[in-house]
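*Asks:* Residue numbers (this note's numbering), protein chains in the order written: chain A, 60 to 275; chain B, 60 to 275.
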DNA sequence: TGATAATTTGACCGGTTGGTAAAACATTAC
DNA sequence: GTAATGTTTTACCAACCGGTCAAATTATCA
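#1: Suppose you measure from the CA of residue 80 of chain A to the CA of residue 91 of chain A; what does that come to, to the nearest Å?
#2: Can you name the residues of chain A whose CB is closer than 8 Å to the CB of residue 227 of chain B?
#3: Check each residue of the stretch 123-145 of chain B: if its Cβ is closer than 7 Å to any Cβ of chain A, include it; give the result in chain order.
#4: Check each residue of the stretch 177-189 of chain B: if its Cβ is closer than 8 Å to any Cβ of chain A, include it; give the result in chain order.
#5: Within 8 Å, do at least three Cβ pairs link the stretch 84-103 of chain A to the stretch 172-180 of chain B?
#6: Determine the closest residue to residue 243 of chain A out of B:125, B:249, B:192, B:174, with distance taken between C-alpha atoms.
#7: Quick one: is residue 202 of chain A buried, meaning 16 or more other Cβ sit within 10 Å of its Cβ, or exposed?
#8: Using 8 Å for Cβ pairs, my map puts residue 106 of chain A next to residue 85 of chain A. What's the rounded Cβ distance?
#9: Would residue 225 of chain A and residue 270 of chain A qualify as a contact pair, given that the criterion is a beta-carbon distance under 9 Å?
#10: To test your reading of the DSSP string, which unbroken alpha helix (DSSP H) runs of 4 or more residues are found completely within the stretch 116-204 of chain B?
#11: Rounded to whole angstroms, how far is the Cβ of residue 164 of chain B from the Cβ of residue 232 of chain B, which I believe are closer than 8 Å?
#12: 9 Å is my cut-off, CB to CB: does residue 88 of chain B come that close to chain A?
#13: Chain B beta carbons: is any one of them nearer than 9 Å to that of residue 158 of chain A?
#14: In whole angstroms, what separates the C-alpha of residue 104 of chain B from that of residue 75 of chain B?
#15: Residues of chain B with CB under 7 Å from residue 255 of chain A, in chain order?
#16: With a 10 Å radius around its C-beta and 16 neighbouring C-beta atoms as the bar for buried, classify residue 120 of chain A as buried or exposed.
#17: Assuming the contact rule is C-beta atoms closer than 8 Å, residue 173 of chain B and residue 87 of chain B should be a hit. Round their C-beta distance to whole Å, please.
#18: Tell me which residue opens and which closes the alpha helix (DSSP H) that residue 104 of chain A is part of.
#19: Going by Cα to Cα distance, which pick from B:204, B:249, B:125, B:96 is closest to residue 144 of chain B?
#20: Would you say residue 262 of chain A reaches chain B, if we count a Cβ-Cβ gap shorter than 9 Å as a contact?
#21: Straight-line CA distance for residue 265 of chain A to residue 264 of chain B?
#22: Please decide whether residue 120 of chain A counts as near chain B, where near means a Cβ-Cβ distance under 9 Å.
#23: Strictly below 9 Å CB to CB, what residues from chain A border residue 194 of chain B?
#24: Would residue 210 of chain A and residue 216 of chain A be called neighbours here (beta carbons separated by less than 9 Å)?
#25: So with Cβ pairs under 9 Å, would you call residue 268 of chain A a contact of chain B?
#26: For residue 248 of chain A, which residues in the same chain have their Cβ closer than 6 Å to its Cβ, ignoring the five residues on either side in sequence?
#27: With distances taken Cα to Cα, identify the nearest neighbour of residue 227 of chain A among A:260, A:142, A:112.
#28: Tell me, to the nearest whole angstrom, how far the beta carbon of residue 111 of chain A is from that of residue 100 of chain A; I am working on the premise that it is less than 8 Å.
#29: Would you say residue 256 of chain A and residue 167 of chain B are within 9 Å of each other, going by their C-beta atoms?
#30: So, is the C-beta of residue 214 of chain A closer than 9 Å to a C-beta in chain B?
#31: Buried or exposed, going by whether 16 or more other CB atoms sit within 10 Å of the CB of residue 268 of chain B?
#32: Cα separation between residue 96 of chain A and residue 184 of chain A?
#33: Which residue's Cα is closest to the Cα of residue 258 of chain B: A:212, A:139, A:187, A:219?
#34: Whose Cβ in chain A lies nearer than 7 Å to the Cβ of residue 167 of chain B?
#35: Thinking C-alpha only, which one of B:229, B:262, B:190 is nearest residue 245 of chain A?
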């Protein structure tokens, strides 16, 4: 038989698993920097070190590769938020959420950029996920934050915009990396910038959410 | 004569000015959502309501359109930071900088996304601007912020990362608009979200930068 | 009005793109 | 070993891409 992988019920051979991984790795590289439409199959094949028809044997279309990547990334992307614990100490929960997101920006910048590209271009492939699972999870965690505020453990604030602020500030170091490095200059563009960012952001959010006399 | 606009020394006709504007308007639409490589001249021509050769009469290449847009946007993009006044009151300067950036995200989302796309894709067309004029301006303003901190007017913090945080949180509402609206749900996706965001961000940054006993 | 310059169009071109067909080659199962 | 299955390659195609050209049309102005 000559059916490509997607048509089979079960993953079979070792070679399949390896090649699919190799392809997705290459595809991540290219999609992350050029977006869906700006990416060509030839480019991916080139990075993966195989011929285009060979690549198309494993993923029948460009869409299929993109979808496989998006599914995987979206899931990982939400992990740090899932860990957000309602029972924990508010300040340290927020602090460690920031730290985890920042680590992801540092360790998986391509994944972050793939996601950013998708959203920037109007999320044509993941609108349902945004309005479904993603929204549900955020709703749930927003409720946790709201209850902390109500209990007087942190300052009153809109929990949704708090989450947006944590997302944007942390992902900025992956998505806008070129700009960050351009502005910081060569001498401050080492990995140390992530520690500086962590220090700053923890300070900002922790003291920004501290309860004080003037409240609200 | 039949020389396209770029070759002429002076802007001549009314029709030229109108058409160029029309084209850039259309190009902004398309570039902002598909990025440079993902955009086709046909698409732009279509949105602009003219034929491709006609469009190419005004801008000889896709690059030329993109460059014209980028130049214009980059300049506007920096305006709010330029207004940042060393002599003003620190807290209200930061507050109004946030407000201005948020207004830009609300009123010029396509411009923000064009810029974001360019950075995401590695800033191939504006690397020089990033390391030159942009860096210089940020360096200058960072020095102002540092002096405020030294004078005890705001909490000590890394001024570069403060600026990054303001950029990312505000632009988030333009660049990640689909996601923001998806998460907030239909009922909170009106223009009111910008006011909520402003309230939240002003609170976050102002009290996050306030001097307190345990200070930084 | 007519001459001149500015604008618009349709037909076209070479290169690239996403994807296919079929056969050659490699691997595995018996 | 050999038959069946899985993998890779070569050759290809139709559509699309950025861009050109020359002719047709329209605006400008003496």
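Think of the CB as a built atom: it goes at the ideal place given N, C-alpha and C, for glycine as much as any other residue.
*Replies:* Inspection of the coordinates gives the following:
#1: Numbered from its first residue, the first chain carries residue 80 of chain A at position 21. Numbered from its first residue, the first chain carries residue 91 of chain A at position 32. Between residue 80 of chain A and residue 91 of chain A, the C-alpha separation is close to 16 Å.
#2: By one-based count along the second chain, residue 227 of chain B stands at place 168. Residues of chain A passing the Cβ test: 227, 228, 230, 231, 235.
#3: none
#4: 178, 179, 180, 181, 182, 186, 189
#5: yes
#6: The residue you call residue 243 of chain A lines up with position 184 of the first chain. Comparing Cα-Cα distances from residue 243 of chain A to each of B:125, B:249, B:192, B:174, the minimum goes to B:192.
#7: Taking the first residue of the first chain as 1, we reach residue 202 of chain A at position 143. The residue is exposed, with fewer than 16 neighbouring Cβ atoms inside 10 Å.
#8: The residue you call residue 106 of chain A lines up with position 47 of the first chain. The residue you call residue 85 of chain A lines up with position 26 of the first chain. That pair is a contact at about 4 Å.
#9: By one-based count along the first chain, residue 225 of chain A stands at place 166. By one-based count along the first chain, residue 270 of chain A stands at place 211. For residue 225 of chain A and residue 270 of chain A, no; Cβs fall outside 9 Å.
#10: 121-142, 149-166, 168-179
#11: Walking along the second chain from the start, residue 164 of chain B turns up at place 105. Walking along the second chain from the start, residue 232 of chain B turns up at place 173. About 5 Å separates the two Cβ atoms, so the contact holds.
#12: In the second chain, the residue the question calls residue 88 of chain B occupies position 29. No, its Cβ sits nowhere closer than 9 Å to a Cβ of chain A.
#13: Your numbering for residue 158 of chain A matches position 99 in the first chain. Not an interface residue.
#14: Stepping through the second chain from its first residue, residue 104 of chain B is reached at position 45. Stepping through the second chain from its first residue, residue 75 of chain B is reached at position 16. So the two alpha carbons sit approximately 16 Å from each other.
#15: On the first chain, residue 255 of chain A is found 196 positions in, with the first residue counted as 1. Those are 217, 220, listed as they occur along chain B.
#16: Walking along the first chain from the start, residue 120 of chain A turns up at place 61. Its Cβ having fewer than 16 others within 10 Å, residue 120 of chain A is exposed.
#17: Counting from 1 along the second chain, the entry for residue 173 of chain B is found at position 114. Counting from 1 along the second chain, the entry for residue 87 of chain B is found at position 28. 6 Å between Cβ atoms; contact.
#18: Numbered from its first residue, the first chain carries residue 104 of chain A at position 45. Element bounds for residue 104 of chain A: 100-107.
#19: Within the second chain, the letter at position 85 stands for residue 144 of chain B. Out of B:204, B:249, B:125, B:96, B:204 has the C-alpha closest to the C-alpha of residue 144 of chain B.
#20: Mapped onto the first chain, residue 262 of chain A falls at position 203. Judged by the 9 Å Cβ criterion, residue 262 of chain A is in contact with chain B.
#21: Reading the first chain from its first residue, position 206 is the one you call residue 265 of chain A. Reading the second chain from its first residue, position 205 is the one you call residue 264 of chain B. Their backbone Cα atoms lie some 11 Å apart in a straight line.
#22: Start at 1 with the first residue of the first chain, and residue 120 of chain A comes out as number 61. For residue 120 of chain A, the answer is no, since every Cβ of chain B falls outside 9 Å of its Cβ.
#23: As a working note, residue 194 of chain B is residue 135 in the second chain. Ordered by position in chain A, the residues that pass the 9 Å Cβ test against residue 194 of chain B are 241, 242, 243, 244.
#24: Counting from 1 along the first chain, the entry for residue 210 of chain A is found at position 151. Counting from 1 along the first chain, the entry for residue 216 of chain A is found at position 157. In this structure, residue 216 of chain A does not lie closer than 9 Å to residue 210 of chain A by Cβ.
#25: Working through the first chain from its first residue, we reach residue 268 of chain A at position 209. Yes, residue 268 of chain A counts as interfacial toward chain B.
#26: Position 189 of the first chain, counted from the start, is the residue given in the question as residue 248 of chain A. Only 240 meet the Cβ criterion.
#27: Taking the first chain and counting its residues from 1, the one referred to as residue 227 of chain A is at position 168. If we check each option's Cα against that of residue 227 of chain A, A:260 comes out closest.
#28: In the first chain, counting from the first residue as 1, residue 111 of chain A sits at position 52. In the first chain, counting from the first residue as 1, residue 100 of chain A sits at position 41. About 6 Å separates the two Cβ atoms, so the contact holds.
#29: Here residue 256 of chain A refers to the residue found at position 197 of the first chain. Here residue 167 of chain B refers to the residue found at position 108 of the second chain. In this structure, residue 167 of chain B does not lie closer than 9 Å to residue 256 of chain A by Cβ.
#30: By one-based count along the first chain, residue 214 of chain A stands at place 155. Chain B contact via Cβ: present.
#31: Taking the first residue of the second chain as position 1, residue 268 of chain B is located at position 209. Its Cβ being crowded by 16 or more others within 10 Å, residue 268 of chain B is buried.
#32: For the purposes of this step, residue 96 of chain A is taken as residue 37 along the first chain, with counting starting at 1. For the purposes of this step, residue 184 of chain A is taken as residue 125 along the first chain, with counting starting at 1. Cα-Cα distance, rounded: 12 Å.
#33: The count along the second chain starts at 1 and reaches residue 258 of chain B at position 199. Out of A:212, A:139, A:187, A:219, A:219 has the C-alpha closest to the C-alpha of residue 258 of chain B.
#34: Here residue 167 of chain B corresponds to residue number 108 of the second chain, with the count starting at 1. Going along chain A, no residue has its Cβ under 7 Å from residue 167 of chain B, so there is no contact; the nearest lies around 15 Å.
#35: In the first chain, the residue the question calls residue 245 of chain A occupies position 186. The shortest C-alpha separation from residue 245 of chain A is found at B:190.
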